[in-house]
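In the working numbering, the protein residues as written are 20 to 538.
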(Lines of atoms letter the chains of each structure in order from A and count residues from 1; the text may use other names and numbers.)
(Lines give C-alpha, C1' and ligand atoms only; values in the text may rest on other atoms or scores of the structure.)
Protein backbone atom coordinates (compact mmCIF):
# COMPACT_ATOMS: atom_id res chain seq x y z
CA UNK A 1 0.00 0.00 0.00
CA UNK A 2 1.11 3.55 -0.72
CA UNK A 3 -0.99 6.70 -0.90
CA UNK A 4 0.35 10.21 -1.46
CA UNK A 5 -2.03 11.46 1.24
CA UNK A 6 0.22 9.75 3.81
CA UNK A 7 2.43 12.86 3.64
CA UNK A 8 -0.36 14.86 5.28
CA UNK A 9 -1.55 12.08 7.59
CA UNK A 10 1.88 11.40 9.09
CA UNK A 11 2.62 15.08 9.79
CA UNK A 12 -0.87 15.60 11.25
CA UNK A 13 -0.28 12.66 13.58
CA UNK A 14 3.08 13.99 14.77
CA UNK A 15 2.40 17.76 14.73
CA UNK A 16 -1.38 18.33 14.90
CA UNK A 17 -1.04 21.86 16.30
CA UNK A 18 1.67 23.16 13.96
CA UNK A 19 0.64 25.65 11.25
CA UNK A 20 0.28 23.82 7.97
CA UNK A 21 -0.98 26.67 5.76
CA UNK A 22 -1.04 30.42 6.26
CA UNK A 23 -2.91 32.99 4.18
CA UNK A 24 -3.12 36.48 5.62
CA UNK A 25 -4.71 36.15 9.06
CA UNK A 26 -5.86 32.58 8.38
CA UNK A 27 -3.68 29.87 9.95
CA UNK A 28 -4.74 26.24 9.71
CA UNK A 29 -2.98 23.58 11.73
CA UNK A 30 -2.07 20.15 10.41
CA UNK A 31 -4.85 18.70 12.51
CA UNK A 32 -7.44 20.99 10.92
CA UNK A 33 -6.23 20.36 7.36
CA UNK A 34 -6.35 16.60 7.98
CA UNK A 35 -9.88 16.79 9.41
CA UNK A 36 -11.12 18.93 6.51
CA UNK A 37 -9.51 16.59 3.95
CA UNK A 38 -11.27 13.67 5.64
CA UNK A 39 -14.60 15.46 5.23
CA UNK A 40 -13.90 15.85 1.49
CA UNK A 41 -13.05 12.14 1.25
CA UNK A 42 -16.27 11.17 3.04
CA UNK A 43 -18.24 13.41 0.66
CA UNK A 44 -16.71 11.80 -2.44
CA UNK A 45 -17.21 8.23 -1.26
CA UNK A 46 -20.83 8.95 -0.31
CA UNK A 47 -21.39 10.51 -3.76
CA UNK A 48 -20.24 7.29 -5.41
CA UNK A 49 -16.63 8.05 -6.31
CA UNK A 50 -14.73 4.78 -6.73
CA UNK A 51 -10.97 4.10 -6.45
CA UNK A 52 -9.31 5.20 -9.68
CA UNK A 53 -12.05 7.69 -10.61
CA UNK A 54 -10.83 11.13 -11.67
CA UNK A 55 -11.75 14.29 -9.74
CA UNK A 56 -10.76 17.72 -11.08
CA UNK A 57 -9.73 20.76 -9.03
CA UNK A 58 -9.49 24.44 -10.06
CA UNK A 59 -8.20 26.56 -7.21
CA UNK A 60 -5.49 29.20 -6.73
CA UNK A 61 -3.08 29.11 -3.79
CA UNK A 62 -5.66 29.00 -1.01
CA UNK A 63 -5.94 26.63 1.98
CA UNK A 64 -8.74 24.86 0.09
CA UNK A 65 -6.26 23.49 -2.44
CA UNK A 66 -4.38 21.03 -0.18
CA UNK A 67 -7.60 20.18 1.66
CA UNK A 68 -9.35 19.06 -1.54
CA UNK A 69 -6.18 17.62 -3.12
CA UNK A 70 -5.46 15.24 -0.24
CA UNK A 71 -9.16 14.55 0.29
CA UNK A 72 -9.41 13.24 -3.28
CA UNK A 73 -6.35 11.05 -2.73
CA UNK A 74 -7.73 9.69 0.54
CA UNK A 75 -10.82 8.53 -1.35
CA UNK A 76 -8.56 6.52 -3.67
CA UNK A 77 -9.36 8.82 -6.59
CA UNK A 78 -7.01 10.58 -9.01
CA UNK A 79 -6.52 14.36 -8.72
CA UNK A 80 -6.73 16.41 -11.93
CA UNK A 81 -5.44 19.92 -11.07
CA UNK A 82 -6.47 22.53 -13.64
CA UNK A 83 -5.02 25.94 -14.44
CA UNK A 84 -7.28 28.59 -12.93
CA UNK A 85 -6.99 30.75 -16.06
CA UNK A 86 -8.84 28.26 -18.26
CA UNK A 87 -12.02 29.35 -20.00
CA UNK A 88 -15.24 27.33 -20.10
CA UNK A 89 -14.43 25.61 -23.41
CA UNK A 90 -10.99 24.60 -22.13
CA UNK A 91 -12.41 23.35 -18.82
CA UNK A 92 -14.89 21.16 -20.71
CA UNK A 93 -12.03 19.69 -22.75
CA UNK A 94 -9.96 18.83 -19.66
CA UNK A 95 -12.92 17.32 -17.80
CA UNK A 96 -13.84 15.22 -20.80
CA UNK A 97 -10.30 14.17 -21.69
CA UNK A 98 -9.54 13.09 -18.11
CA UNK A 99 -12.97 11.44 -17.72
CA UNK A 100 -13.50 13.35 -14.48
CA UNK A 101 -16.52 12.27 -12.44
CA UNK A 102 -16.51 15.28 -10.09
CA UNK A 103 -15.13 18.81 -10.13
CA UNK A 104 -14.19 21.21 -7.31
CA UNK A 105 -13.93 24.80 -8.55
CA UNK A 106 -13.10 28.04 -6.74
CA UNK A 107 -15.81 30.72 -7.02
CA UNK A 108 -13.31 33.18 -8.47
CA UNK A 109 -12.88 36.93 -8.18
CA UNK A 110 -13.64 39.91 -10.39
CA UNK A 111 -10.33 39.52 -12.26
CA UNK A 112 -10.27 35.71 -12.05
CA UNK A 113 -13.76 34.47 -13.02
CA UNK A 114 -12.87 30.77 -12.84
CA UNK A 115 -16.11 29.93 -11.00
CA UNK A 116 -18.40 30.97 -13.84
CA UNK A 117 -16.07 29.56 -16.49
CA UNK A 118 -15.69 26.32 -14.55
CA UNK A 119 -19.44 25.87 -14.21
CA UNK A 120 -19.86 26.48 -17.96
CA UNK A 121 -17.24 23.85 -18.67
CA UNK A 122 -18.86 21.41 -16.26
CA UNK A 123 -22.23 21.80 -17.95
CA UNK A 124 -20.65 21.17 -21.36
CA UNK A 125 -18.62 18.13 -20.28
CA UNK A 126 -19.99 14.61 -20.56
CA UNK A 127 -19.66 12.17 -17.68
CA UNK A 128 -18.88 14.71 -14.94
CA UNK A 129 -21.83 14.49 -12.55
CA UNK A 130 -20.86 16.49 -9.46
CA UNK A 131 -19.82 20.15 -9.27
CA UNK A 132 -18.71 21.69 -5.95
CA UNK A 133 -18.15 25.45 -5.84
CA UNK A 134 -15.45 26.45 -3.36
CA UNK A 135 -16.50 29.70 -1.68
CA UNK A 136 -14.28 31.89 0.51
CA UNK A 137 -16.99 31.75 3.15
CA UNK A 138 -17.90 28.04 3.43
CA UNK A 139 -21.30 28.96 4.90
CA UNK A 140 -22.21 31.35 2.09
CA UNK A 141 -24.91 30.59 -0.45
CA UNK A 142 -23.79 29.80 -3.99
CA UNK A 143 -23.22 32.97 -6.07
CA UNK A 144 -23.77 30.87 -9.22
CA UNK A 145 -27.30 29.66 -9.84
CA UNK A 146 -27.53 25.87 -9.84
CA UNK A 147 -24.07 25.30 -8.39
CA UNK A 148 -23.70 23.35 -5.13
CA UNK A 149 -21.16 24.79 -2.71
CA UNK A 150 -18.45 22.67 -1.18
CA UNK A 151 -19.28 24.17 2.22
CA UNK A 152 -22.86 22.89 2.07
CA UNK A 153 -21.76 19.53 0.68
CA UNK A 154 -19.28 18.75 3.47
CA UNK A 155 -21.32 20.28 6.32
CA UNK A 156 -21.87 17.74 9.07
CA UNK A 157 -19.66 15.07 7.50
CA UNK A 158 -17.25 13.17 9.71
CA UNK A 159 -13.71 14.56 10.12
CA UNK A 160 -12.50 10.96 10.44
CA UNK A 161 -11.74 8.78 7.42
CA UNK A 162 -9.69 5.66 6.80
CA UNK A 163 -7.83 6.23 3.54
CA UNK A 164 -8.60 3.85 0.68
CA UNK A 165 -5.84 1.32 0.03
CA UNK A 166 -3.89 2.15 -3.11
CA UNK A 167 -0.81 0.52 -4.61
CA UNK A 168 2.46 2.36 -5.42
CA UNK A 169 1.84 2.05 -9.17
CA UNK A 170 -1.78 3.23 -9.04
CA UNK A 171 -2.51 6.60 -10.63
CA UNK A 172 -2.53 9.53 -8.19
CA UNK A 173 -2.48 12.72 -10.28
CA UNK A 174 -3.00 13.72 -13.91
CA UNK A 175 -1.02 16.83 -14.82
CA UNK A 176 -1.80 18.47 -18.15
CA UNK A 177 1.11 19.62 -20.28
CA UNK A 178 1.15 23.14 -21.68
CA UNK A 179 0.02 21.93 -25.08
CA UNK A 180 2.54 23.86 -27.20
CA UNK A 181 1.60 21.52 -30.05
CA UNK A 182 -1.95 20.22 -30.43
CA UNK A 183 -4.32 19.70 -27.54
CA UNK A 184 -2.92 19.42 -23.98
CA UNK A 185 -2.12 15.87 -22.87
CA UNK A 186 -2.54 14.51 -19.35
CA UNK A 187 0.57 12.96 -17.80
CA UNK A 188 -0.61 10.19 -15.44
CA UNK A 189 1.64 10.02 -12.36
CA UNK A 190 1.59 7.27 -9.75
CA UNK A 191 1.67 7.47 -5.96
CA UNK A 192 5.25 6.14 -6.05
CA UNK A 193 6.29 8.76 -8.62
CA UNK A 194 5.10 11.62 -6.44
CA UNK A 195 6.00 10.32 -2.97
CA UNK A 196 9.58 9.54 -4.01
CA UNK A 197 9.95 12.87 -5.81
CA UNK A 198 8.72 14.81 -2.76
CA UNK A 199 11.02 12.95 -0.36
CA UNK A 200 14.00 13.27 -2.69
CA UNK A 201 13.29 16.99 -3.14
CA UNK A 202 13.72 17.46 0.61
CA UNK A 203 16.88 15.34 0.77
CA UNK A 204 18.74 16.89 -2.15
CA UNK A 205 17.91 20.48 -1.18
CA UNK A 206 19.00 19.86 2.40
CA UNK A 207 15.73 21.03 3.90
CA UNK A 208 15.25 20.80 7.65
CA UNK A 209 13.57 17.43 8.41
CA UNK A 210 11.71 19.09 11.29
CA UNK A 211 10.14 21.68 9.01
CA UNK A 212 10.77 24.80 6.95
CA UNK A 213 8.77 27.95 6.34
CA UNK A 214 7.91 28.01 2.63
CA UNK A 215 6.75 31.06 0.73
CA UNK A 216 4.53 29.49 -1.93
CA UNK A 217 4.27 31.75 -4.95
CA UNK A 218 4.31 28.92 -7.50
CA UNK A 219 0.78 27.80 -8.44
CA UNK A 220 -0.09 24.59 -6.62
CA UNK A 221 -1.84 23.28 -9.73
CA UNK A 222 1.63 23.21 -11.38
CA UNK A 223 4.04 20.31 -10.88
CA UNK A 224 6.88 22.43 -9.42
CA UNK A 225 4.68 23.99 -6.74
CA UNK A 226 2.74 20.85 -5.89
CA UNK A 227 5.78 18.57 -5.51
CA UNK A 228 8.71 20.71 -4.36
CA UNK A 229 6.66 22.87 -2.02
CA UNK A 230 3.30 21.33 -1.10
CA UNK A 231 4.07 17.60 -1.07
CA UNK A 232 7.67 18.01 0.07
CA UNK A 233 6.61 20.63 2.62
CA UNK A 234 3.84 18.48 4.05
CA UNK A 235 6.26 15.52 4.22
CA UNK A 236 8.49 17.52 6.61
CA UNK A 237 5.60 19.17 8.51
CA UNK A 238 6.63 22.56 7.15
CA UNK A 239 4.50 25.70 7.17
CA UNK A 240 3.29 26.89 3.77
CA UNK A 241 2.70 30.65 3.51
CA UNK A 242 0.48 31.11 0.46
CA UNK A 243 0.21 33.87 -2.13
CA UNK A 244 -2.84 33.33 -4.40
CA UNK A 245 -1.20 35.14 -7.30
CA UNK A 246 2.43 36.23 -7.52
CA UNK A 247 3.06 39.85 -6.62
CA UNK A 248 6.71 40.79 -6.14
CA UNK A 249 6.09 43.54 -3.56
CA UNK A 250 3.82 41.33 -1.45
CA UNK A 251 6.27 38.43 -1.70
CA UNK A 252 9.21 40.52 -0.48
CA UNK A 253 7.21 41.72 2.53
CA UNK A 254 6.20 38.16 3.42
CA UNK A 255 9.82 36.98 3.19
CA UNK A 256 10.47 39.45 6.00
CA UNK A 257 7.28 39.22 8.09
CA UNK A 258 6.89 35.42 8.03
CA UNK A 259 10.62 34.69 8.48
CA UNK A 260 10.69 32.51 5.39
CA UNK A 261 13.42 29.87 5.18
CA UNK A 262 12.57 28.31 1.78
CA UNK A 263 11.74 30.06 -1.48
CA UNK A 264 11.20 28.42 -4.86
CA UNK A 265 10.31 30.14 -8.09
CA UNK A 266 10.78 30.48 -11.81
CA UNK A 267 13.33 33.02 -13.12
CA UNK A 268 10.80 35.81 -13.67
CA UNK A 269 9.83 35.60 -9.99
CA UNK A 270 13.44 36.11 -8.90
CA UNK A 271 13.68 39.00 -11.35
CA UNK A 272 10.53 40.49 -9.80
CA UNK A 273 11.76 40.07 -6.21
CA UNK A 274 15.03 41.85 -6.94
CA UNK A 275 13.18 44.66 -8.70
CA UNK A 276 10.79 45.17 -5.76
CA UNK A 277 13.41 44.98 -3.02
CA UNK A 278 14.68 48.56 -2.81
CA UNK A 279 11.28 50.25 -2.42
CA UNK A 280 9.80 47.64 -0.09
CA UNK A 281 11.09 48.91 3.26
CA UNK A 282 11.90 45.36 4.39
CA UNK A 283 14.82 44.28 6.56
CA UNK A 284 17.07 42.67 3.93
CA UNK A 285 19.56 41.49 6.55
CA UNK A 286 16.78 39.74 8.47
CA UNK A 287 15.58 38.00 5.30
CA UNK A 288 19.15 36.89 4.57
CA UNK A 289 19.54 35.48 8.10
CA UNK A 290 16.38 33.37 7.79
CA UNK A 291 16.52 32.27 4.16
CA UNK A 292 18.26 28.88 3.91
CA UNK A 293 17.13 27.42 0.59
CA UNK A 294 16.37 29.03 -2.76
CA UNK A 295 15.40 26.81 -5.68
CA UNK A 296 14.65 27.61 -9.31
CA UNK A 297 13.15 25.66 -12.17
CA UNK A 298 10.59 25.90 -14.94
CA UNK A 299 12.95 27.80 -17.25
CA UNK A 300 16.62 28.65 -17.54
CA UNK A 301 17.78 31.12 -14.88
CA UNK A 302 19.92 33.98 -16.26
CA UNK A 303 23.32 33.98 -14.56
CA UNK A 304 23.09 37.75 -13.93
CA UNK A 305 19.97 37.23 -11.79
CA UNK A 306 21.65 34.41 -9.89
CA UNK A 307 24.67 36.60 -9.10
CA UNK A 308 22.56 39.55 -7.93
CA UNK A 309 20.41 37.34 -5.66
CA UNK A 310 23.53 35.88 -4.05
CA UNK A 311 24.95 39.36 -3.47
CA UNK A 312 21.74 40.57 -1.79
CA UNK A 313 20.85 37.53 0.32
CA UNK A 314 24.02 35.43 0.52
CA UNK A 315 22.15 32.36 -0.72
CA UNK A 316 22.87 30.35 -3.84
CA UNK A 317 19.85 29.73 -6.05
CA UNK A 318 19.93 25.99 -6.70
CA UNK A 319 18.78 25.36 -10.24
CA UNK A 320 16.98 22.19 -11.21
CA UNK A 321 15.14 20.68 -14.09
CA UNK A 322 12.09 18.56 -14.70
CA UNK A 323 8.79 18.27 -16.49
CA UNK A 324 5.23 17.34 -15.64
CA UNK A 325 6.03 13.91 -17.08
CA UNK A 326 8.88 13.45 -14.56
CA UNK A 327 6.94 14.25 -11.35
CA UNK A 328 8.70 16.81 -11.98
CA UNK A 329 12.27 16.80 -10.62
CA UNK A 330 14.93 15.00 -12.68
CA UNK A 331 18.17 16.93 -12.05
CA UNK A 332 19.25 19.56 -9.52
CA UNK A 333 22.23 21.39 -8.09
CA UNK A 334 22.26 19.62 -4.76
CA UNK A 335 23.52 20.53 -1.30
CA UNK A 336 26.11 17.74 -1.15
CA UNK A 337 28.10 19.02 -4.16
CA UNK A 338 29.10 22.50 -5.38
CA UNK A 339 26.47 24.39 -7.35
CA UNK A 340 27.43 25.51 -10.84
CA UNK A 341 25.82 28.72 -12.10
CA UNK A 342 23.95 28.19 -15.32
CA UNK A 343 23.72 24.43 -14.82
CA UNK A 344 20.61 22.39 -14.06
CA UNK A 345 22.78 20.13 -11.91
CA UNK A 346 23.08 16.38 -12.06
CA UNK A 347 20.56 13.52 -11.77
CA UNK A 348 18.76 13.10 -8.45
CA UNK A 349 18.90 9.80 -6.56
CA UNK A 350 17.49 6.86 -8.53
CA UNK A 351 17.39 8.73 -11.84
CA UNK A 352 19.45 8.21 -15.00
CA UNK A 353 19.97 10.91 -17.62
CA UNK A 354 21.58 10.76 -21.05
CA UNK A 355 21.65 12.80 -24.25
CA UNK A 356 20.18 11.31 -27.41
CA UNK A 357 19.93 12.08 -31.12
CA UNK A 358 16.71 12.06 -33.13
CA UNK A 359 17.06 8.29 -33.68
CA UNK A 360 17.52 7.60 -29.93
CA UNK A 361 21.25 6.96 -30.40
CA UNK A 362 23.27 8.17 -27.41
CA UNK A 363 25.40 11.30 -27.86
CA UNK A 364 28.98 10.42 -26.94
CA UNK A 365 31.36 12.87 -25.30
CA UNK A 366 31.08 15.90 -23.04
CA UNK A 367 31.26 19.65 -23.61
CA UNK A 368 29.28 22.27 -25.56
CA UNK A 369 30.05 20.65 -28.91
CA UNK A 370 28.17 17.49 -27.94
CA UNK A 371 24.55 18.64 -27.75
CA UNK A 372 21.65 16.20 -27.55
CA UNK A 373 18.09 15.86 -26.32
CA UNK A 374 17.74 15.04 -22.63
CA UNK A 375 16.36 11.55 -21.98
CA UNK A 376 15.43 10.41 -18.46
CA UNK A 377 14.77 7.05 -16.82
CA UNK A 378 13.85 6.21 -13.21
CA UNK A 379 11.20 6.22 -10.50
CA UNK A 380 9.91 9.66 -11.55
CA UNK A 381 8.72 8.78 -15.06
CA UNK A 382 4.98 8.98 -15.68
CA UNK A 383 2.86 5.92 -16.40
CA UNK A 384 2.06 7.57 -19.75
CA UNK A 385 -0.24 10.14 -21.31
CA UNK A 386 -3.77 9.30 -20.20
CA UNK A 387 -5.66 7.45 -22.96
CA UNK A 388 -2.99 8.40 -25.52
CA UNK A 389 -0.80 5.34 -26.19
CA UNK A 390 0.54 6.68 -29.49
CA UNK A 391 1.65 9.96 -27.94
CA UNK A 392 3.26 7.97 -25.12
CA UNK A 393 5.13 5.76 -27.59
CA UNK A 394 6.50 8.85 -29.35
CA UNK A 395 8.38 9.99 -26.23
CA UNK A 396 9.11 6.72 -24.38
CA UNK A 397 11.27 3.71 -25.20
CA UNK A 398 12.64 1.01 -22.87
CA UNK A 399 11.71 3.13 -19.84
CA UNK A 400 13.44 6.23 -21.21
CA UNK A 401 11.48 9.46 -21.66
CA UNK A 402 12.75 12.06 -24.12
CA UNK A 403 12.13 15.61 -22.98
CA UNK A 404 12.35 17.83 -26.05
CA UNK A 405 15.08 19.89 -24.35
CA UNK A 406 18.59 20.24 -25.79
CA UNK A 407 21.60 20.17 -23.47
CA UNK A 408 25.23 19.23 -23.04
CA UNK A 409 27.10 17.64 -20.11
CA UNK A 410 30.40 18.77 -18.59
CA UNK A 411 33.24 16.57 -17.33
CA UNK A 412 31.74 16.50 -13.79
CA UNK A 413 28.37 15.17 -14.97
CA UNK A 414 26.47 18.48 -14.67
CA UNK A 415 23.98 19.27 -17.42
CA UNK A 416 23.43 22.61 -19.16
CA UNK A 417 20.23 23.41 -21.04
CA UNK A 418 20.87 24.91 -24.43
CA UNK A 419 17.23 25.34 -25.40
CA UNK A 420 13.96 23.67 -26.20
CA UNK A 421 14.41 21.72 -29.42
CA UNK A 422 11.32 23.50 -30.74
CA UNK A 423 12.71 26.93 -29.74
CA UNK A 424 16.02 26.48 -31.57
CA UNK A 425 16.44 28.99 -34.41
CA UNK A 426 18.01 27.89 -37.70
CA UNK A 427 19.44 31.00 -39.38
CA UNK A 428 21.08 30.45 -42.75
CA UNK A 429 21.79 26.83 -41.85
CA UNK A 430 23.35 27.66 -38.47
CA UNK A 431 21.80 26.57 -35.16
CA UNK A 432 21.11 29.51 -32.86
CA UNK A 433 20.12 28.82 -29.25
CA UNK A 434 17.94 31.64 -27.82
CA UNK A 435 19.07 31.13 -24.25
CA UNK A 436 22.69 31.90 -25.17
CA UNK A 437 21.62 35.16 -26.83
CA UNK A 438 19.44 36.10 -23.85
CA UNK A 439 22.32 35.56 -21.42
CA UNK A 440 24.52 37.94 -23.41
CA UNK A 441 21.84 40.64 -23.78
CA UNK A 442 21.16 40.57 -20.02
CA UNK A 443 24.71 41.76 -19.41
CA UNK A 444 23.88 45.08 -21.12
CA UNK A 445 23.40 47.80 -18.53
CA UNK A 446 20.03 48.87 -19.96
CA UNK A 447 18.41 45.43 -20.28
CA UNK A 448 16.17 44.15 -17.48
CA UNK A 449 14.45 41.16 -19.14
CA UNK A 450 14.64 39.64 -22.61
CA UNK A 451 13.13 36.89 -24.73
CA UNK A 452 14.67 35.82 -28.04
CA UNK A 453 12.70 34.06 -30.79
CA UNK A 454 13.05 33.20 -34.45
CA UNK A 455 10.89 35.00 -37.02
CA UNK A 456 10.45 34.10 -40.71
CA UNK A 457 13.00 35.49 -43.19
CA UNK A 458 12.97 35.19 -46.98
CA UNK A 459 16.64 34.32 -47.51
CA UNK A 460 17.88 33.09 -44.11
CA UNK A 461 14.84 30.96 -43.25
CA UNK A 462 14.68 32.54 -39.80
CA UNK A 463 15.96 35.76 -38.30
CA UNK A 464 16.83 36.38 -34.65
CA UNK A 465 14.55 38.83 -32.83
CA UNK A 466 14.82 40.07 -29.24
CA UNK A 467 11.89 41.39 -27.16
CA UNK A 468 13.38 43.57 -24.44
CA UNK A 469 12.17 45.22 -21.22
CA UNK A 470 14.49 48.10 -20.32
CA UNK A 471 15.60 48.87 -16.80
CA UNK A 472 13.79 51.80 -15.23
CA UNK A 473 15.31 55.06 -16.43
CA UNK A 474 17.62 53.35 -18.93
CA UNK A 475 18.15 54.86 -22.37
CA UNK A 476 19.09 52.75 -25.36
CA UNK A 477 17.71 52.60 -28.89
CA UNK A 478 17.01 49.51 -30.94
CA UNK A 479 19.87 50.30 -33.31
CA UNK A 480 22.29 50.85 -30.42
CA UNK A 481 21.41 47.52 -28.84
CA UNK A 482 21.77 45.68 -32.15
CA UNK A 483 25.18 47.32 -32.73
CA UNK A 484 26.30 46.36 -29.21
CA UNK A 485 25.12 42.77 -29.68
CA UNK A 486 27.01 42.56 -32.99
CA UNK A 487 30.23 43.23 -31.10
CA UNK A 488 29.49 40.55 -28.48
CA UNK A 489 28.70 37.47 -30.59
CA UNK A 490 29.17 35.71 -33.89
CA UNK A 491 27.59 37.24 -36.97
CA UNK A 492 24.98 34.50 -37.37
CA UNK A 493 23.85 34.80 -33.72
CA UNK A 494 23.23 38.43 -32.86
CA UNK A 495 19.64 39.76 -33.13
CA UNK A 496 19.02 41.97 -36.16
CA UNK A 497 15.62 42.96 -34.79
CA UNK A 498 14.91 44.41 -31.33
CA UNK A 499 11.48 45.37 -30.02
CA UNK A 500 11.04 47.11 -26.67
CA UNK A 501 8.07 46.12 -24.52
CA UNK A 502 6.72 47.25 -21.15
CA UNK A 503 5.88 43.64 -20.32
CA UNK A 504 6.15 40.14 -21.79
CA UNK A 505 3.35 37.56 -22.02
CA UNK A 506 3.67 34.92 -19.30
CA UNK A 507 1.94 31.79 -18.14
CA UNK A 508 0.37 31.51 -14.69
CA UNK A 509 3.65 29.98 -13.52
CA UNK A 510 5.75 32.90 -14.76
CA UNK A 511 7.17 31.30 -17.91
CA UNK A 512 7.55 33.66 -20.85
CA UNK A 513 5.16 32.63 -23.63
CA UNK A 514 7.52 32.68 -26.58
CA UNK A 515 4.93 31.19 -28.90
CA UNK A 516 2.78 34.30 -28.39
CA UNK A 517 5.76 36.49 -29.23
CA UNK A 518 6.36 34.46 -32.38
CA UNK A 519 2.72 34.84 -33.39
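Every residue gets a Cβ at the ideal spot worked out from N, C-alpha and C, and that includes glycine.
query: Proximity of residue 212 and residue 415 at Cβ, strictly below 8 Å; result: no
query: Proximity below 8 Å, CB of residue 82 to CB of residue 45; result: yes
query: Burial state of residue 145 (16 or more Cβ within 10 Å); result: exposed
query: Start-to-end residues for the alpha helix (DSSP H) that takes in residue 411; result: 408 to 414
query: Exposure label - residue 389; buried when at least 16 CB within 10 Å; result: exposed
query: Residues bridged to residue 547 [DSSP beta-bridge criterion]; result: Since the first residue shown for the chain is 20 and the last is 538, residue 547 is missing from the structure and cannot be characterised.
query: Residue 235 to residue 276 span [Cα, whole Å]; result: 14 Å
query: Residue 461 versus residue 330: straight-line alpha-carbon distance, rounded; result: 17 Å
query: Helix, strand or coil at residue 443 [DSSP, three-state]; result: coil
query: Distance between residue 387 and residue 323 (C-alpha atoms, nearest Å); result: 20 Å
query: Three or more C-beta pairs below 8 Å linking the region 52 to 62 and the region 236 to 247; result: no
query: Own chain partners of residue 233 with C-beta closer than 6 Å, once the 5 adjacent residues on each side are dropped; result: 248, 252, 257, 259, 281
query: Collapsed DSSP secondary structure at residue 383 in the structure displayed; result: coil
query: Limits of the alpha helix (DSSP H) - the one that residue 470 falls within; result: Residue 470 -> not in any alpha helix (DSSP H); beta strand (DSSP E) instead, spanning 466 to 476.
query: Beta-carbon contacts of residue 238 that lie in its chain and below 8 Å, excluding the five residues immediately before and after; result: 79, 80, 102, 103, 244, 527, 528
query: Opposing strand residues paired with residue 420 [DSSP bridges]; result: 395, 415
query: Span separating the alpha-carbon of residue 381 from that of residue 287; result: 33 Å
query: Residue interval of the beta strand (DSSP E) (run including residue 340); result: 336 to 341
query: Length of the line joining the Cα atoms of residue 492 and residue 345; result: 42 Å
query: The beta strand (DSSP E) enclosing residue 192, as first and last residue numbers; result: 190 to 195
query: Beta bridge counterpart(s) of residue 311 as assigned by DSSP; result: Looking at the DSSP assignment, residue 311 forms no beta bridge with any residue, so it has no partner.
query: Residue 533 to residue 293 span [Cα, whole Å]; result: 23 Å
query: Pairwise C-alpha distance: residue 372 and residue 422; result: 11 Å
query: Cβ distance (whole Å) where residue 11 is taken to contact residue 191 below 8 Å; result: Given a span of 20 to 538 for the chain in the structure shown, any question on residue 11 remains unanswerable.
query: Distance between residue 374 and residue 20 (C-alpha atoms, nearest Å); result: 35 Å
query: Burial state of residue 445 (16 or more Cβ within 10 Å); result: exposed
query: Beta strand (DSSP E) segment containing residue 485, residue limits; result: 480 to 489
query: DSSP three-state assignment for residue 346, whether helix, strand or coil; result: coil
query: Beta-carbon spacing of residue 314, residue 334 below 8 Å; result: no
query: Straight-line gap, residue 132 to residue 355 (C-alpha atoms, nearest Å); result: 45 Å
query: Spatial distance of residue 429 from residue 284 (CA atoms); result: 25 Å
query: Check whether residue 167 and residue 141 have beta carbons under 8 Å apart; result: no
query: Reduced DSSP category for residue 20 - H, G, I as helix; E, B as strand; rest coil; result: coil
query: DSSP three-state assignment for residue 328, whether helix, strand or coil; result: helix
query: Closer than 7 Å: residue 424 CB and nearest the ligand ZN heavy atom; result: In terms of ligand content, the structure shown is empty, and the ligand ZN therefore cannot be addressed.
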